[in-house]
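Letter by letter, the sequence shown follows residues 0 to 560 of numbering that gives the first Met the number 0.
Have a look at the structure below, then the notes.
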Amino acid sequence: MSVRSVALAAVLIAAAATGPGLAAAEQQATVSEDSLPLHADQQQVVKGETTLEPGTEMIVTIVSENSSNPFVYRREPIVQPNGTFVAQFDLSRQPANTSYNLSGYADGDMVFNRTETIAPCDGNCTSQGAAAGEQQATVSEDSLPLHADEQQVVTGETTLDPGTEMTVEIISENSSNPFLYQSEVIVQPNGTFVAQFDLSRPPANTSYELSAHVDGDTLFERTETIAPCDGNCTDTVPEIVTPEPTDDGENVVEVSQGDTTIIPVSMTDGGTKTLSIGSEAANYRINATVSDDDGDGEVTVLFDTAVAGTDGATLRVPDPDDSLTVTESEPDLSSTLAAGTYSYRMFDGQSTDGRPTVGTIVIEANGTTSEQFEVGESADFGLEESVVTGRQGETARIQIALATADAATISIGSPDVNYEINATVHDGNGDDSVALLFDTTAAGHDEPTLETAADADAVSVESGSEVALDSQLAAGTYELSLYRGTEVAEGQPDTVGSLRITDVTPTSTDSSSNDVDSVTGETPAAQQSQAGDFGVGVGALAVGGVLAIVGVGIGLRSVMD
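Right under this line is the structure:
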């Protein structure tokens with residue numbers, strides 16, 4: 000077992016003993032202490048380790064604990080091959096000394112949860128190298144495993160500039176059989192790297208750590224095992240070419256987040272070229288072919304960072320006599336394309352084969368990293384407020400924007416907090432919105448819990464969906480999940496938020512009862528503790544701590560920032 004594994008195991012064992020309510024699934028990740036505190040500044044990076052499988056998509060959320068300044072940030076990092084994750088946030092708009100809940104989720108399970116405070120920024124508080132260093136390279140899975148034989152090749156992709164020198168390293172994890180191999184490589188014009196090793200001397204089934212480094216930063220790190228060789232295990236070495244130099248920086252373009260930049264494509268040789276922006280290692284890539292139909296020797300391509308990752312036209316040509324066709328669609332993004340350096344490559348013809356001309360797009364942060372947009376039929380569909388507040392004994396107002404949808408279905412609460420209700424709303428007055436009224440006194444009882452503010456609008460509660468309560472709805476935070484159409488669809492909702500119910504005076508609930516019924520008499524999910532019964536007092540929840548425990552549902556099915 001490596002030092003990292005021992006340390007992680009110790010942290011997980013310690014976390015398991017911290018108190019009630021923490022299941023095994025909630026112990027699968029830890030936050031690196033050197034990534035905290037987060038400051039009231041741009042580019043704040045949360046790093047950590049996890050026992051989840053590499054490639055797993057996580058959700059990391061930052062949720063305010065102060066009801067007077069509610070905010071929700073959401074990122075979707077991918078577990079790296081070395082078992083780490085990196086999430087980047089822009090907290091420049093939040094005041095210092097604000098408490099927040101930092102949580103992580105995977106497949107609907109909470110994998111870590113802790114309460115922190117945004118630290119004041121007295122100078123340059125931008126996190127350096129954390130996100131860049133740990134996500135700038137990935138190893139190609141088809142180059143593994145490495146065998147106990149000569150000519151073993153490790154290939155991968157990187158966001159580093161072509162021509163950058165990297166060091167790829169293999170080091171034994173077994174002190175009784177130490178070895179160290181290093182390969183100095185050059186980043187290729189297409190953003191790949193190739194490292195070659197002779198592993199004929201180390202015995203098979205030996206564990207080793209594979210890593211890459213540049214200028215003191217670790218680009219990736221993962222543990223593997225040398226596989227036995229039963230025949231011809233020699234790897235093929237890909238062609239290695241020298242990157243084509245750029246001219247006077249003309250292949251470097253700069254743009255602020257949310258703005259549009261110009262990428263000039265030289266077409267002096269005529270024909271068609273393929274433009275590729277980004278890479279797998281950067282978690283963003285889009286490819287397109289461009290044609291100089293008017294024969295003027297150049298095509299101007301506009302790259303709109305504001306709509307990157309949406310259904311909008313990220314790439315277009317302003318000249319009607321030229322043409323552009325997207326050949327590889329970009330991934331969906333939940334917020335504005337992150338600030339950073341993205342390589343772009345131009346290939347002759349309609350493929351990414353051959354030797355490209357390379358360039359760089361530098362996207363400069365301007366505070367839009369946390370801006371949210373919906374990926375779907377309309378950017379306007381959703382909850383007009385991500386956090387809705389109300390008090391026990393009063394009615395909370397949930398404003399829903401339908402946009403082009405004929406109807407929307409909302410789910411309030413979840414089995415985890417022992418209260419849930421599902422309902423479908425229709426716009427009857429043509430204003431493309433519905434103001435939904437949630438009566439906290441009627442919740443869980445026979446009286447109507449949901450009504451619409453406008454008589455022309457309509458709401459229909461799904462039969463058997465509302466959980467019956469023996470007492471008043473507990474103070475706490477209840478997840479809001481909104482779906483297009485007339486039913487709760489499987490998978491991710493179109494948008495989520497939270498309904499926060501507060502009360503200065505704690506109410507008494509009968510937690511001894513194990514019977515959970517629906518208002519209509521049907522039996523829903525099995526009994527679980529109420530929102531105020533998570534091993535901490537209701538009074539603590541009522542003064543803003545609710546998001547730390549109950550509010551973890553905010554990030555589970557969100558398409559928010």
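Where is the CB? At the ideal position from N, CA and C, for every residue including glycine.
Hey, how far is the Cα of residue i from the Cα of residue j?
i, j, result
"V487", "S413", "13 Å"
"R315", "D415", "47 Å"
"L449", "V460", "8 Å"
"D208", "F437", "Checking the displayed sequence, the identity of residue 208 turns out to be Glu instead of Asp. Their backbone Cα atoms lie some 55 Å apart in a straight line."
"G462", "T154", "Checking the sequence shown, residue 462 turns out to be Ser, not Gly. Rounded to the nearest angstrom, the two C-alpha atoms are 56 Å apart."
"G339", "A364", "8 Å"
"T439", "G103", "29 Å"
"E32", "Q87", "15 Å"
"V570", "E164", "No answer is possible for residue 570: the residues shown for the chain start at 0 and end at 560."
"Q181", "L198", "12 Å"
"E223", "F380", "46 Å"
"T114", "V44", "16 Å"
"V30", "F111", "8 Å"
"L382", "P492", "12 Å"
"D331", "I285", "11 Å"
"I170", "M57", "29 Å"
"P355", "G277", "14 Å"
"F346", "M266", "11 Å"
"D430", "E140", "52 Å"
"Y283", "S142", "22 Å"
"T67", "R92", "Looking at the sequence itself, residue 67 is Ser, so the reference to Thr does not match. About 15 Å."
"T166", "V78", "22 Å"
"L468", "D426", "30 Å"
"A395", "T451", "11 Å"
Thinking C-beta only, is residue j closer than 7 Å to residue i?
i, j, result
"D301", "T271", "One detail in the question is off: residue 301 reads as Leu in this sequence, not Asp. No; because the gap between Cβ atoms is not below 7 Å, this pair is not in contact."
"Q250", "G353", "Sequence check: residue 250 is Asn here, not Gln. Not a contact, by the Cβ cut-off of 7 Å."
"I420", "L479", "no"
"T157", "F192", "yes"
"Y482", "T403", "no"
"N625", "E64", "Residue 625 falls outside the range modelled here, since the chain spans only 0 to 560, and no answer is possible."
"G122", "F84", "no"
"I362", "Q256", "yes"
"P188", "P161", "yes"
"A561", "T49", "Any property of residue 561 remains undetermined from this structure, which presents the chain solely from 0 to 560."
"A400", "N428", "no"
"A633", "T476", "Residue numbering for the chain in the displayed model covers 0 to 560; residue 633 lies beyond these limits and cannot be assessed."
"D219", "A136", "Sequence inspection shows Phe at residue 219; the Asp mentioned does not correspond to that position. Yes, these two residues count as a Cβ contact at 7 Å."
"D502", "Q391", "yes"
"L472", "A434", "no"
"C228", "A287", "no"
"V62", "R74", "no"
"Y418", "V495", "no"
"A194", "V186", "no"
"L274", "T304", "no"
"S210", "E172", "no"
"I239", "A203", "no"
"L498", "V387", "yes"
"L90", "L37", "yes"
"G389", "I261", "no"
"V298", "V264", "yes"
"V152", "V236", "yes"
"E329", "G311", "no"
Please confirm if residue i has its CB atom under 7 Å from at least one CB of chain B.
i, result
"G54", "Judged by its chain identifiers, the structure shown contains no chain B, having just a single protein chain."
Provide the residue(s) that pair with residue i in DSSP beta bridges, ordered along the chain.
i, result
"I185", "E164"
"N286", "S275, E327"
"G389", "I500"
"Q195", "V152"
"V300", "I262"
"E450", "L436"
"D216", "V213"
"S171", "Y207"
"E363", "S255"
"H38", "A118"
"R315", "L301"
"V138", "G155"
"A226", "H146"
Report yes if the C-beta of residue i is less than 6 Å from at least one heavy atom of the ligand PLP; otherwise report no.
i, result
"E238", "The model on display carries no ligand, and the ligand PLP is accordingly not part of it."
Is the segment 284-302 touching the segment 311-320, taking contact as three or more C-beta pairs under 8 Å? yes
Which ranges does the beta strand (DSSP E) cover as unbroken runs of at least 3 residues, wholly within the segment 99-126, from first to last along the chain? For secondary structure counted as the beta strand (DSSP E) over 3 or more consecutive residues, the segment 99-126 holds these complete runs in sequence order: 108-116.
Start-end ranges of the beta strand (DSSP E) lying completely within the segment 50-103, minimum 3 residues: 58-63, 71-74, 83-88
To test your reading of the DSSP string, which unbroken alpha helix (DSSP H) runs of 4 or more residues are found completely within the segment 454-496? none
Give the list of continuous beta strand (DSSP E) stretches no shorter than 3 residues that lie fully inside the segment 392-431. Along the length of the segment 392-431, whole beta strand (DSSP E) runs at least 3 residues long occupy 394-400, 406-413, 418-425, reported in chain order.
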